[in-house]
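Visitor:
2 protein chains.
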Amino acid sequence: MAEKRRRRAATVEKVEQVLDATERIMLDEGYAAVSSRSVAGKVGINPPMVHYYVGSIDDLFVAVLRRRAEGIAAQLADALESDEPLRSWWQLAADPRGSALFIEFIAASNHRPALGKVLGEYAREVRKLQMERLEELLPLYGLDPIEFPPALVAAATQGLAFGLVADELGGHDTATAEARAAMDRLIDRLEARRKASTD
Amino acid sequence: MAEKRRRRAATVEKVEQVLDATERIMLDEGYAAVSSRSVAGKVGINPPMVHYYVGSIDDLFVAVLRRRAEGIAAQLADALESDEPLRSWWQLAADPRGSALFIEFIAASNHRPALGKVLGEYAREVRKLQMERLEELLPLYGLDPIEFPPALVAAATQGLAFGLVADELGGHDTATAEARAAMDRLIDRLEARRKASTD
DNA sequence: GGAGAAGTCGAACGGGCGTTTCAACTTCTG
DNA sequence: CAGAAGTTGAAACGCCCGTTCGACTTCTCC
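Residue numbers (the working numbering), protein chains in the order written: chain G, 1 to 199; chain E, 1 to 199.
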């Protein structure tokens, strides 16, 4: 086995630029617009350099996903340990900036098995994190864990957030503002109940 | 203006075959695998014929969407008028066969504006249908329309269903069976409550 | 049965794609 | 300061794409 040759600092920086450009393209034009040429054009390099930096296009998507997923998982863990876990979690989930990229990843993973595998690992990790914490949390909110088990609450919350963001990004007018307002009020009530019960 | 000459019966049938093949490809390989050549290959015709039959590829996606959307909207209307509206609706929403295609459409619409427009019209129509019916229905289930307004219930139910189907199709193991079971039990309770209240 | 529309075919257009190759160049290291 | 390792540029590979075109066959209707 040949020992690894270390990259120069400038190269490491360029890799970050390539990942940034890829995210940007995914958000602006959809994941299908990502190609070695489009990414290279945005960064100001030649197409083959993209492959030199990150490998195949599959590897590129995986690298972007991993970088983002780590950040979001950390944010989620923080949110679930905050003063108002439900509210913090919801704010994170319902934020278009975070969710928009993942909608693209979900779509892209349908015909990029390598990406799907990584996305699956991440989805399982996030769901596990949510469920474990909800196990302790739900009783504090006055929710019966038999009637509303963590698996259901987690899936419904995330599904609702994704649905709202997807409709809003698509410009579909499906009363998302109304739903968001009602969800905010529901969270108000639940957080108040929790506060009362822990006093 | 020359009056339109009507298409031959065989052609009408071929158009249906083209739409069928497109659906099949979307489900099996993802929407990105749809091309005049792939569709033509599946049907056993030449690529230009696809354009002769349905026009551009955008038109092809729109035609497939419209055909399916009409069917699903009708099924939804039926479900919401059935004996157990909530259960029927949930069964329809949570059925992978129906939802899988729409996940592809949502993804494809991100970079096909023409498709996005039609999808938006359809999403609005479906949401409106759900909300109008829920307005009458929710009180019967013992749900306060102030606490749980139709917009929230509709978005959450649909979001949950899409999330579950997406995870299952992707093969991600995110406790979807647990969530489905809990949802079924919740619907059992709600339908029982409704039955009791209407007696 | 013949005019003309509907349908079919094969070839071709310009273009974008992922990726490889290879030679030239820079930068670091001993 | 030489040579190794890292980096860059240009060109090219084969492939698939949407779509158009013109010539052909088949059908329909008067």
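Positions of the beta carbon are idealized from the N, C-alpha and C atoms, including for glycine.
All of these numbers come straight from a predicted model, not from anything done at the bench.
By Cβ distance below 7 angstroms, which residues in the same chain neighbour valine 54 of chain E in space, the five residues on each side in sequence not counted?
Guide: So the qualifying residues of the chain are Val15, Val18, Leu60, Ala63.
Visitor: So what does DSSP say about histidine 172 of chain E, is it helix, strand or coil?
Guide: In the structure shown, histidine 172 of chain E sits in coil (DSSP, three-state: anything other than H, G, I, E or B).
Visitor: Just the chain G side, please: which residues come within less than 7 angstroms of glutamate 149 of chain E by C-beta, in chain order?
Guide: One point to set straight first is that residue 149 of chain E is proline, not glutamate, in the sequence displayed. Within 7 angstroms Cβ-Cβ: Glu178, Ala182.
Visitor: Quick one, which of G:Gly41, G:Val34, G:Ala40, G:Thr174 has its alpha-carbon nearest lysine 128 of chain E's?
Guide: Comparing Cα-Cα distances from lysine 128 of chain E to each of G:Gly41, G:Val34, G:Ala40, G:Thr174, the minimum goes to G:Thr174.
Visitor: Closest to isoleucine 146 of chain E by CA distance: which of G:Ala179, G:Phe162, G:Ala154 is it?
Guide: For isoleucine 146 of chain E, the nearest C-alpha among the options comes from G:Ala179.
Visitor: Around the Cβ of glutamate 3 of chain G, are there at least 16 other Cβ atoms within 10 angstroms (buried) or fewer (exposed)?
Guide: Bear in mind that the predicted position of glutamate 3 of chain G carries a pLDDT of just 42, short of 50, making it unreliable; the figure below should be weighed with that in mind. Classification for glutamate 3 of chain G: exposed.
Visitor: Determine whether the Cβ of glycine 171 of chain G lies closer than 8 angstroms to any Cβ atom of chain E.
Guide: Chain E, which has a Cβ nearer than 8 angstroms to the Cβ of glycine 171 of chain G, makes this yes.
Visitor: State the CB to CB distance for the pair alanine 161 of chain E and alanine 93 of chain E, rounded to an integer number of angstroms; the pair is presumed to be in contact (CB under 8 angstroms).
Guide: Yes, alanine 161 of chain E and alanine 93 of chain E are in contact; Cβ-Cβ is about 4 angstroms, under 8 angstroms.
Visitor: Could you confirm whether any beta carbon from chain E is found closer than 8 angstroms to the beta carbon of alanine 156 of chain G?
Guide: Yes, its Cβ sits closer than 8 angstroms to a Cβ of chain E.
Visitor: Whose Cβ in chain E lies nearer than 9 angstroms to the Cβ of methionine 49 of chain G?
Guide: In chain order: nothing, as chain E lies at least about 25 angstroms away.
Visitor: Does DSSP classify alanine 94 of chain E as helix, strand or coil?
Guide: Alanine 94 of chain E: coil per DSSP, three-state reduction.
Visitor: What do you get for alanine 33 of chain G, buried or exposed, if any count of 16 or more other CB atoms within 10 angstroms of its CB means buried?
Guide: Counting Cβ neighbours within 10 Å, alanine 33 of chain G comes out exposed, since fewer than 16 surround it.
Visitor: Given a cut-off of 8 angstroms on the beta-carbon distance, is the pair isoleucine 187 of chain G and tryptophan 90 of chain G in contact?
Guide: Contact flag set, yes.
Visitor: Identify which residue in G:Leu138, G:Ala100, G:Gly44, G:Ser82 has its Cα closest to the Cα of arginine 68 of chain G.
Guide: Among G:Leu138, G:Ala100, G:Gly44, G:Ser82, the Cα nearest to that of arginine 68 of chain G is on G:Ala100.
Visitor: Just reading off the alpha helix (DSSP H) that alanine 33 of chain G is part of, what are its end residues?
Guide: Run containing alanine 33 of chain G: none; DSSP gives neither H nor E here.
Visitor: When we look at the beta-carbon of tyrosine 52 of chain G and count the other beta-carbons within 10 Å, is it buried (16 or more) or exposed?
Guide: Exposed, because fewer than 16 other Cβ atoms sit within 10 Å of the Cβ of tyrosine 52 of chain G.
Visitor: Can you name, in chain order, every residue of its own chain whose Cβ lies under 7 angstroms from the Cβ of serine 36 of chain G, other than the five neighbours on each side?
Guide: Same-chain partners within the cutoff: Pro47, Val50, His51, Ile57.
Visitor: By how many angstroms is the C-alpha of arginine 193 of chain G removed from the C-alpha of glutamate 121 of chain E?
Guide: Going by the C-alpha atoms only, they are around 39 angstroms apart.
Visitor: Using a Cβ-Cβ distance cut-off of 8 angstroms, determine whether phenylalanine 162 of chain G contacts chain E.
Guide: By this cut-off, phenylalanine 162 of chain G is an interface position.
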